[in-house]
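Trainee:
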Amino acid sequence: MLFLAILLCANSLSAQQLLPVGEGERKQFSAYIEMPRGYVSGICILLRDGQQIKGSIFNEFGISAIDFSYDEQRDKVKLYEVVKMLNRWYIKRVIRRDLRELIHQMQQGKPEYTDIKHNISFKLSPLNDTITP
Numbered sequence: 000m001l002f003l004a005i006l007l008c009a010n011s012l013s014a015q016q017l018l019p020v021g022e023g024e025r026k027q028f029s030a031y032i033e034m035p036r037g038y039v040s041g042i043c044i045l046l047r048d049g050q051q052i053k054g055s056i057f058n059e060f061g062i063s064a065i066d067f068s069y070d071e072q073r074d075k076v077k078l079y080e081v082v083k084m085l086n087r088w089y090i091k092r093v094i095r096r097d098l099r100e101l102i103h104q105m106q107q108g109k110p111e112y113t114d115i116k117h118n119i120s121f122k123l124s125p126l127n128d129t130i131t132p
């Protein structure tokens, strides 16, 4: 019983730590976005800037796939840059909605989201900030 209580406390602490909390705080994740016609994998970096969370998803080669910001007050995602294969107005609309839902899931401690209608899944895994020699 005590083990279950400790496990629940650990999960609630990790839920609060998924998104950057303090001004200028940065979180790094391994990102995998699977779509019906391909995937994007790489690193996602989130940065707190006032009432906004700014993010970038880079592929394995360091090329920026998606640059975005999430405004907490307005509950909106704004896309700044999108890789060429995703740069269509109807795809960007889906990406904005899915990123917003992913951030909502992260606020609840779940770093993954699946858009069942469009068969797109987002999975983020926290990366360790310390580098061991």
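Going by numbering that gives the first Met the number 0, the sequence shown wraps up at 132, each residue one higher than the last.
Just so it is clear, CB atoms sit at the ideal spot from N, CA and C, and this is done for glycine as well.
Since we're looking at a predicted model, the values are computed, not measured.
If you compare alpha carbons, which of F60, D114, G108, G37 is closest to L18?
Mentor: As a position in the sequence shown, residue 18 is number 19, starting the count at 1. Cα-wise, what sits closest to L18 is G108.
Trainee: Let me know the secondary structure DSSP gives D66 once reduced to three states.
Mentor: Taking the sequence shown and counting its residues from 1, one reaches residue 66 at position 67. Three-state DSSP puts D66 in a strand.
Trainee: Residues in its own chain within less than 8 Å of Q104 by CB, not counting five upstream and five downstream?
Mentor: One-based indexing of the sequence shown puts residue 104 at position 105. Excluding sequence neighbours, Q104 sits near P110, E111, Y112.
Trainee: Any C-beta of chain D sitting closer than 8 Å to the C-beta of Q104?
Mentor: Absent from the structure: chain D. Only one protein chain is present.
Trainee: In whole angstroms, what is the alpha-carbon distance linking Q72 and I102?
Mentor: By one-based count along the sequence shown, residue 72 stands at place 73. By one-based count along the sequence shown, residue 102 stands at place 103. Spanning the two alpha carbons is a distance of roughly 13 Å.
Trainee: Quick one: Cα of I32 to Cα of K75, how far?
Mentor: Along the sequence shown, read from residue 1 onward, the residue named residue 32 stands at position 33. Along the sequence shown, read from residue 1 onward, the residue named residue 75 stands at position 76. Answer to the nearest angstrom: the Cα atoms are 20 Å apart.
Trainee: What residues are listed by DSSP as bridge partners for Q184?
Mentor: Since the first and last residues shown for the chain are 0 and 132, residue 184 lies out of range.
Trainee: Can you tell me whether Q16 is helix, strand or coil according to DSSP?
Mentor: To locate residue 16, count along the sequence shown from 1; it is residue 17. Coil, per DSSP.
Trainee: Below 8 Å on the Cβ atoms is my guess for Y79 versus F60; work out the distance and round it to an integer in Å.
Mentor: Translated into positions along the sequence shown, residue 79 becomes position 80. Translated into positions along the sequence shown, residue 60 becomes position 61. Wrong, their Cβ atoms sit about 20 Å apart, outside the cutoff.
Trainee: Measure the C-alpha to C-alpha separation of K116 and D97 and round it to an integer number of angstroms.
Mentor: For the purposes of this step, residue 116 is taken as the residue at position 117 of the sequence shown. For the purposes of this step, residue 97 is taken as the residue at position 98 of the sequence shown. Roughly 11 Å separates the two Cα atoms.
Trainee: May I ask you to report which of helix, strand or coil DSSP gives E59?
Mentor: Position 60 of the sequence shown, counting from 1, holds the residue named residue 59. The answer is coil: DSSP assigns E59 none of H, G, I, E or B.
Trainee: Here's a check: name, in chain order, each residue in its chain whose Cβ is nearer than 7 Å to the Cβ of F57, leaving out the five neighbours to either side.
Mentor: Looking up residue 57 in the sequence shown gives position 58. Result list for F57: G41, I42, S63, A64, in chain order.
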